[in-house]
Amino acid sequence: MGIHEIRILMVVSMVLCLTSAVHAAQGNAVFYTSTDTPACSQEHNKGTMIAGVSDELWGNGAACGRRYRVQSHVAPS
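Residues -24 to -1, 1 to 53 (mature numbering (1 follows the signal peptide of the UniProt record, and there is no 0)) make up the sequence shown, in order.
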């Protein structure tokens, strides 16, 4: 394999590694410390906190069962 092919392989590999950043979902979320019944009934009482999300993430229930990593970009007030 020549230098040219190795460079192409490296560029393709880097592009594939960046696809997760392109597919990131953005929206608003909040968590609750209570144990109220969540909207996703199949996810009830699995020992996790209940979260509320914006319409962009909720997707008419499509968010049920998904796991999200939440990052805050604003300092808490």
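For glycine and all other residues, C-beta sits at the position ideal for the given N, C-alpha and C.
Residues bridged to residue i (per DSSP)
i   : result
G28 : V6
Residues near residue i in its chain [Cβ-Cβ closer than 6 Å; skip 5 each side]
i     : result
L(-9) : none
E32   : G3
V6    : G28
Member of the options whose CA lies at the smallest distance from the CA of residue i
i   : options          : result
C40 : H49, Q47 and V29 : V29
Same chain, Cβ closer than 7 Å to residue i, five either side skipped, listed in chain order
i      : result
V(-13) : none
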